[in-house]
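Asks: Here it is, the structure in full.
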């Protein structure tokens with residue numbers, strides 16, 4: 009049995025963030041061609057997804073994407089037949105397990121991208137005091153804050169490229185962060201977003 013890695017959780021969140029893209033993953037058609045067809049016929053089928061397109065969108069290898077999907081399937085967080093995350097199981101894991109499997113590792117002051125209570129969609133709900141906010145380290149980050157290690161090193165790049173994924177990652181970090189009030193709001197938001205299909 010494979011051990012769940014941080015990148016596997018990122019992959020699950022990427023798939024969950026885009027329910028309009030369907031599986032299974034082993035289709036031969038290229039994502040770009042599918043996207044063009046979908047744009048010319050938006051009422052048509054959902055977009056097919058390939059391991060290559062998933063890998064490119066997260067700046068990981070196709071092998072890592074494939075292994076991640078298989079690991080998620082063995083953990084009952086992904087359905088290989090439908091090519092979708094098992095939303096109820098994923099929500100349960102994110103709410104009850106992620107903070108134990110992937111506890112936050114904090115560092116010193118650095119530049120980066122705000123996360124947890126300081127990132128969207130939670131920043132508007134929590135006033136920013138004098139304490140430096142948690143940030144995913146990134147040398148060209150716009151915010152100076154306390155380093156908060158992401159689930160995987162690709163998170164800052166993937167989050168900048170995909171706002172829907174970014175918001176899910178921020179919510180997961182709020183659960184990992186361990187502050188009760190912040191985590192409670194993040195959990196409700198995660199439940200709501202993962203209940204949508």
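Numbering (our numbering), first residue to last: 9 to 205. C-beta: ideal position from N, C-alpha, C; glycine also. Just so we're clear, the structure is a prediction, and the values are computed from it rather than from any experiment.
1. With distance defined between alpha-carbon atoms, name the residue in 198, 110, 95, 139 nearest to residue 151.
2. What does the Cβ neighbour count give for residue 196, buried or exposed, with the cut at 16 atoms within 10 Å?
3. Between which two residues does the beta strand (DSSP E) harbouring residue 143 extend?
4. Whose C-beta lies closer than 6 Å to the C-beta of residue 118 among residues of the same chain, with five residues either side of it excluded?
5. Please look up how many angstroms separate the CB atoms of residue 93 and residue 84, rounded, as I've assumed it's under 8 Å.
6. Per the contact definition of three or more C-beta pairs closer than 8 Å, is the segment 162-169 in contact with the segment 102-116?
7. My guess is that residue 173 and residue 25 are in contact by the Cβ rule of under 8 Å, so how many angstroms apart are they, rounded?
8. By the DSSP assignment, the alpha helix (DSSP H) with residue 171 in it spans what residues?
9. Tell me the rounded alpha-carbon separation between residue 69 and residue 90.
10. Provide the residue span of the beta strand (DSSP E) that contains residue 115, from first to last.
11. How long is the line joining the alpha carbons of residue 199 and residue 192, rounded to whole angstroms?
12. Spatial neighbours of residue 80 within its chain, please: C-beta separation below 6 Å, excluding the five flanking residues on both sides.
13. Taking the alpha helix (DSSP H) that residue 17 falls in, what are its first and last residues?
14. Between residue 134 and the rest of its own chain, which residues show a CB-CB distance below 8 Å, the 5 nearest in sequence each way excluded?
Replies: Answer, in terms of the structure:
1. 139
2. exposed
3. 142-145
4. 145, 155
5. Going by Cβ atoms, the distance from residue 93 to residue 84 rounds to 10 Å, so no, they are not a contact pair.
6. no
7. 5 Å
8. 171-185
9. 22 Å
10. 114-122
11. 11 Å
12. 16, 20, 86
13. Element bounds for residue 17: 14-25.
14. 125, 126, 190
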